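Colleague:
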Amino acid sequence: MEHITITVPAGRALRGKALAGVVGSGDMEVLFTADQGQTLTIDITTSVDNSRGRWEALFNRLSVVSTLPAGQLVIHDFGATPGVARIRIEQVFEEVSYA
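Take the position in the sequence shown, starting the count at 1, then add 14; the result is the number in our numbering.
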């Protein structure tokens with residue numbers, strides 16, 4: 015198990031919380047809690063050692079295609095592919111944007 019914390023600039027403010035995925039399913043779980051700050055802090059617990067580079071690349075890619083929201087993102091990843099990770103992350107951002 016590896017714990018990774020990444021902080022990236024945020025460019026939009028949202029309100030509320032959202033959860034996507036179920037960690038017990040062998041997939042991944044993502045919880046987003048919005049705040050009014052200027053950064054997005056991502057706390058990742060993963061079963062895949064040495065995966066910091068993969069996560070940093072994913073958030074760099076996400077920040078290019080959309081403005082990331084301010085808040086706290088907690089990810090429990092148990093081997094999900096980058097595609098599934100992106101879907102779950104985008105799901106919580108979308109859910110909170112409609113709250």
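Just so it is clear, CB atoms sit at the ideal spot from N, CA and C, and this is done for glycine as well. Keep in mind that this is a model prediction, so the values were computed, not measured.
In chain order, what are the residue ranges of uninterrupted alpha helix (DSSP H) at least 4 long that sit wholly in the stretch 16 to 95?
Modeller: You should have 66 to 79.
Colleague: Relative to the alpha-carbon of V129, which residue among E104, G51 and M15 has its alpha-carbon at the smallest distance?
Modeller: Here the chain comprises residues numbered 15 to 113, so residue 129 is not present and cannot be evaluated.
Colleague: Would you say G85 and A32 are within 7 Å of each other, going by their C-beta atoms?
Modeller: Not a contact, by the Cβ cut-off of 7 Å.
Colleague: In angstroms, rounded to a whole number, what distance separates the CA positions of I20 and T55?
Modeller: Taking the straight line from one Cα to the other gives about 6 Å.
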